[in-house]
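Data first, discussion second: the structure below is written as structure tokens.
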Amino acid sequence: MTVVFAPRAALRGAWLTAWLAALPLAGHAQSYETGGIQLTFGTAFGLVGTDNEGPRSDGGESTIDARFTPSFGLLTQTPTSSFGFEGATDIRYGTSSPDVGLTSPRVETRFETHSANAGLELTGNFRQMDLGEEKFTVRDADGLTDFVNGTATRQTSRATVELDWGRDAMAAFSVYARGNQTIYTSGNASGLNGNSLADNSRRTVGASTRLDISPAMQLDAELSYSAFEDGTSPDPSETVTATAGFSLDRPLGAVSTEATLVDTPNGQRYGLSAGRTLEFPIGPVTAQIGAMHLPQGETVMTGSLSTFRTYVRSEFEFALSRDVSSLNEQDSERLNTRMRVNFTRALTRDAEFQINLDAVQARDFETDAESFDTTLDILYSKGLTKDWIGDAGYSYRYIEDTPGDMAQANTLYLLLRRKFVTSY
167 MTVVFAPRAA
177 LRGAWLTAWL
187 AALPLAGHAQ
197 SYETGGIQLT
207 FGTAFGLVGT
217 DNEGPRSDGG
227 ESTIDARFTP
237 SFGLLTQTPT
247 SSFGFEGATD
257 IRYGTSSPDV
267 GLTSPRVETR
277 FETHSANAGL
287 ELTGNFRQMD
297 LGEEKFTVRD
307 ADGLTDFVNG
317 TATRQTSRAT
327 VELDWGRDAM
337 AAFSVYARGN
347 QTIYTSGNAS
357 GLNGNSLADN
367 SRRTVGASTR
377 LDISPAMQLD
387 AELSYSAFED
397 GTSPDPSETV
407 TATAGFSLDR
417 PLGAVSTEAT
427 LVDTPNGQRY
437 GLSAGRTLEF
447 PIGPVTAQIG
457 AMHLPQGETV
467 MTGSLSTFRT
477 YVRSEFEFAL
487 SRDVSSLNEQ
497 DSERLNTRMR
507 VNFTRALTRD
517 AEFQINLDAV
527 QARDFETDAE
537 SFDTTLDILY
547 SKGLTKDWIG
557 DAGYSYRYIE
567 DTPGDMAQAN
577 TLYLLLRRKF
587 VTSY
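Per this note's numbering, the sequence shown starts with residue 167, numbered consecutively.
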């Protein structure tokens with residue numbers, strides 16, 4: 167019996183680690199004859215206990231909840247196009263709430279079509295969450311790291327459209343547009359510097375190009391415009407970003423350089439970086455180092471280091487990054503540092519063990535406020551029958567911010583899950 171486990175990308179938060187494994191990820195669904203429809207139904211239920219709900223700096227309270235997660239997915243595709251839809255929600259009952267609660271509803275849809283040398287992609291998603299369940303969110307698609315705290319319900323929606331052409335030509339081009347909106351209801355929310363957060367939106371349009379100078383040399387350039395609104399100013403906050411890069415393929419891996427210029431309402435920031443990738447039989451190692459000069463006059467070091475190793479029965483992933491961005495809900499210049507470590511070990515054909523460490527630190531240059539959030543997850547998954555998978559996990563979370571507030575929490579959970587897949 168072969169069991170498919172949750173992807174490493176789903177490892178974020180204790181019970182959320184296993185809960186996401188029950189989602190019918192349409193983009194990664196099983197293959198089937200094109201022209202048909204594939205339906206995926208998922209179910210997961212279990213117990214979650216924590217010694218500090220929130221977590222809260224004043225100690226909070228211990229809770230035990232029963233949780234049930236139904237999910238649904240649809241996928242249809244032809245040789246030149248595909249459409250997918252997926253959705254899930256959590257139903258919770260226990261000591262954290264006297265009533266049965268519907269929490270964290272989420273939906274996502276994607277449409278892709280392509281020809282021999284061009285493609286069009288449209289995506290959209292919506293997610294609602296209780297801030298007491300998740301203090302910070304990370305949107306890797308935008309490079310966005312946000313620290314959000316409070317008691318409100320947070321609703322986020324996102325839509326994107328991207329058109330590219332010239333995929334196999336010497337010169338390739340792409341244009342895109344993105345829209346993000348965040349709404350807070352039934353409570354309060356504050357950001358990294360402690361200021362209250364309001365409903366906000368960000369609209370981005372951009373274009374990029376790739377030019378192959380030779381089979382081994384490549385030039386890349388991108389220009390984007392972003393407008394941020396949160397109701398505190400009659401005019402949107404506008405940001406223009408321009409990047410240009412050069413890469414050279416070498417026998418052991420690529421060498422690259424990149425220059426960045428960002429025009430923000432507070433002034434201009436510009437940076438330069440160099441990177442190298444080394445290809446090894448068991449996995450690549452990629453490193454980048456650079457410097458960024460800020461409108462405030464400060465220059466900071468930036469960079470990244472990542473590797474992914476595959477062994478006979480295990481996988482190891484490490485990623486460390488440090489960069490400057492204003493893509494957050496306060497549109498402020500921040501230095502973001504993040505480290506992710508994941509180790510996965512197949513114990514038997516139907517059992518797997520995972521350890522995941524995720525640490526994020528953000529510093530606001532205007533207020534010098536800082537926040538640090540780290541989570542350690544340990545997960546054991548076992549195929550109980552042909553259809554059912556059992557998960558047992560532990561999570562430790564530590565949070566600290568500039569005023570000196572500190573909170574930590576321990577969480578245990580047990581989960582049963584399965585998927586039903588049918589095709590027409």
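Note that the Cβ used here is the ideal one computed from N, Cα and C, for glycine as well.
Bear in mind the structure is a predicted one, so any value in this text is a computation, not a measurement.
Which of helix, strand or coil DSSP assigns to residue i
i: F531; result: coil
i: K585; result: strand
i: L578; result: strand
i: G397; result: coil
i: N366; result: strand
i: R333; result: coil
i: D571; result: coil
i: L189; result: Any reading at L189 must be qualified, since the residue scores a pLDDT of 44, below 50, and its modelled position is unreliable; the value itself is stated next. Here L189 sits in coil by DSSP.
i: P236; result: strand
i: V314; result: coil
i: Q243; result: strand
i: K552; result: coil
i: A282; result: coil
i: Q496; result: coil
i: Q462; result: coil
i: S197; result: Any reading at S197 needs caution, since the residue's pLDDT is 46, under 50, leaving its predicted position unreliable; the model's value is listed next. It is coil, neither helix nor strand.
i: A382; result: coil
i: L377; result: strand
i: L542; result: strand
i: L523; result: strand
Assigned exposure category for residue i - 16 Cβ within 10 Å defines buried
i: L177; result: In this prediction, L177 has a pLDDT of 35, which is less than 50 and means its spatial position is unreliable; what the coordinates show is noted afterwards. That one is buried.
i: R515; result: exposed
i: G202; result: exposed
i: E499; result: buried
i: A210; result: buried
i: I379; result: exposed
i: N508; result: buried
i: A335; result: exposed
i: S477; result: Here residue 477 turns out to be Tyr, not Ser, going by the sequence shown. Answer is exposed; the Cβ neighbour count stays below 16.
i: R479; result: exposed
i: E445; result: exposed
i: L297; result: buried
i: P245; result: exposed
i: G397; result: exposed
i: R583; result: buried
i: I565; result: buried
Cβ-Cβ distance between residue i and residue j below 7 Å
i: N359; j: E495; result: no
i: S561; j: T577; result: yes
i: L501; j: R529; result: yes
i: T568; j: E536; result: yes
i: S228; j: T279; result: no
i: R442; j: T468; result: no
i: T275; j: G290; result: yes
i: T348; j: T322; result: yes
i: N354; j: G316; result: yes
i: G433; j: P461; result: yes
i: A453; j: T465; result: no
i: E252; j: E287; result: no
i: G549; j: Y579; result: no
i: R258; j: D217; result: no
i: S440; j: T423; result: Sequence check: residue 440 is Ala here, not Ser. Yes, the pair counts as a contact, with Cβ atoms nearer than the cut-off.
i: T541; j: R506; result: no
i: R368; j: F394; result: yes
i: A373; j: V341; result: yes
Span of the beta strand (DSSP E), counted from its first residue to its last, around residue i
i: D557; result: 555-567
i: P450; result: 449-459
i: Y259; result: 247-260
i: Q434; result: 433-446
i: S413; result: 403-416
i: L427; result: 419-430
i: V214; result: 203-216
In DSSP terms, what residue i is bridged to
i: E481; result: T476, T510
i: E328; result: E287, Y342
i: D516; result: For D516, which the question treats as bridged, DSSP gives no partner whatsoever.
i: V273; result: G253, F292
i: I349; result: Q321
i: G360; result: Paired residue(s): none; G360 is not in a bridge.
i: S392; result: T370, T405
i: S487; result: S470, R504
i: S537; result: A528, D567
i: S547; result: E518, D557
i: L268; result: I257
is_contact[residue i, chain C] using C-beta, thresh 7 Å
i: T468; result: Going by chain labels, chain C is absent from the structure shown, which holds only one protein chain.
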